[in-house]
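Input: a single structure, listed below in structure tokens.
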Amino acid sequence: MKEVVLDCFGEACPVPLVKAQNKLAELEVGDVLIVQIDHSCAMKNLPEWATKDGHNVEVEEVDDGEWEVIIEKTK
Amino acid sequence: MAEEKTVSRRSSSASRKKPKKNQIPFGVTLVAIILVIGIALGTKSPTLALFWVTGICFGAILQKGRFCFTASMRDPYLTGGTSLTRAVLIAFAITTLGFAAIKYGYAAQGLPMPGMSYVVPVSFATVIGAFIFGIGMVIAGGCASGTLMRVGEGFHMQLISLFFFTVGSLWGAHDFGWWKYHVISKGKAIFLPDVFGWAGAIAVQLAIIGLLYIAAEKYEEKRKAE
Chain A
1008 MKEVVLDCFG
1018 EACPVPLVKA
1028 QNKLAELEVG
1038 DVLIVQIDHS
1048 CAMKNLPEWA
1058 TKDGHNVEVE
1068 EVDDGEWEVI
1078 IEKTK
Chain B
5 MAEEKTVSRR
15 SSSASRKKPK
25 KNQIPFGVTL
35 VAIILVIGIA
45 LGTKSPTLAL
55 FWVTGICFGA
65 ILQKGRFCFT
75 ASMRDPYLTG
85 GTSLTRAVLI
95 AFAITTLGFA
105 AIKYGYAAQG
115 LPMPGMSYVV
125 PVSFATVIGA
135 FIFGIGMVIA
145 GGCASGTLMR
155 VGEGFHMQLI
165 SLFFFTVGSL
175 WGAHDFGWWK
185 YHVISKGKAI
195 FLPDVFGWAG
205 AIAVQLAIIG
215 LLYIAAEKYE
225 EKRKAE
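Chains A and B supply the protein sequences, listed in that same order.
Sequential numbering of the first sequence, starting at 1008, is according to our numbering.
Sequential numbering of the second sequence, starting at 5, is according to our numbering.
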């Protein structure tokens, strides 16, 4: 089981989403992808997409206006 | 649930997690400042105070609601989610009723209707313009209101968007006369109540919005099934 951190600080949406989609496609089932974002818009579409796609998703606000979206690949 | 526990035990953020500042004093101060400025504007002109209050409400709703016109057009393709698309359609349906009520109120009394200067000719210029605007807002990461809201949130990269948005608007305004004379005025201005009558116009517009809503829902189901 791998843990990959994807730094998307300073990237406007939809860049974090597209990067996460591409990265997640490379990972194996069971791996964890941590996407670091500071764009509030990505806070909505990233978890929404990952949940819809059937992965386990958790969002954590690490600092004011900085979030980590933790996605565990399940399929 | 076991896997979620392993997820939360990960290493990355634990070390850089800072204790959060209490934001309530800032909030209270901000509300006080907004009120003071609002009252000051109100003594000068009630309209200014109204603009001040509605502008702040609009910004707060945009920010808290994560309402994004860009995402409503982009996310169906990227994520397969149409929740924002449907939210925009509902907003259109509500404004259809609201604007129709206002305009009909004036028309019924034989008064000139407000906002009729926005009934402009429709032509291919509308379609091409909308398409260019769509490309621009997805690349810039926000439409006009979204960009302003994110600059207010402190997302500095979109200051660049805001700067070029202003430059582009000024340029557009500078050349607008030429476009209006040579392209836009060639089209035909259509005001739906003139064509279908008031009830018909509302029915037609709501029916189209309803069909789009159903299409958005079906599309989301289809994308989910894939």
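All C-beta atoms in this analysis are idealised placements derived from N, C-alpha and C, irrespective of residue type, glycine included.
Residues of its chain near residue i, where Cβ-Cβ distance is below 6 Å and the 5 sequence neighbours each way are ignored
i, result
"B/A75", "L88"
"B/R78", "V142"
"A/E1075", "I1041, Q1043, E1067, V1069"
Same chain only: Cβ atoms within 8 Å of residue i, ignoring 5 sequence neighbours per side
i, result
"B/V1", "Because chain B in this structure spans residues 5 to 230, residue 1 of chain B falls outside the shown range and cannot be described."
"A/E1073", "F1016, Q1043, I1044, D1045"
Below-8 Å beta-carbon distance, residue i vs any chain B residue
i, result
"A/N1052", "yes"
"A/H1062", "no"
"A/P1023", "no"
"A/A1032", "no"
"A/A1027", "no"
"A/C1048", "yes"
"A/C1020", "yes"
Any C-beta of chain A under 8 Å from that of residue i
i, result
"B/C147", "no"
"B/L215", "no"
"B/G140", "no"
"B/G172", "no"
"B/R13", "Caution applies to B/R13, whose pLDDT of 45 falls short of 50 and renders its modelled position unreliable; the value that the coordinates give is listed next. No, B/R13 lies away from the interface with chain A (no Cβ there is under 8 Å from its Cβ)."
"B/E221", "no"
"B/A36", "no"
"B/R70", "yes"
"B/M161", "yes"
"B/R78", "yes"
"B/E157", "yes"
"B/K192", "no"
With 16 other Cβ atoms within 10 Å as the buried cut-off, status of residue i
i, result
"B/I143", "exposed"
"A/D1014", "exposed"
"A/G1017", "exposed"
"B/T83", "buried"
"B/S165", "buried"
"A/I1077", "buried"
"A/W1056", "buried"
"B/T47", "exposed"
"A/H1062", "buried"
"B/W182", "exposed"
"B/V126", "exposed"
"B/I38", "exposed"
8 Å Cβ cut-off: residues of chain D touching residue i
i, result
"B/G84", "Absent here is chain D; the protein component of the structure consists of chains A and B."
Close beta carbons around residue i, own chain, < 7 Å, minus the five adjacent residues each side
i, result
"A/C1020", "H1046, C1048, A1049, N1052"
"B/M117", "K107, Y110, A111"
Please determine if the segment 133-143 of chain B and the segment 191-205 of chain B are in contact, where contact requires at least 3 C-beta pairs separated by less than 8 Å. no
Let me know the alpha helix (DSSP H) ranges lying completely inside the segment 110-144 of chain B, each 4 residues or longer, listed in chain order. 128-144
What runs of the alpha helix (DSSP H), each 4 residues or longer, lie entirely inside the segment 16-75 of chain B? 28-48, 50-69
Please give the ranges of any alpha helix (DSSP H) in the segment 166-203 of chain B, keeping only runs that are unbroken, at least 4 residues long and fully inside the region. 196-200
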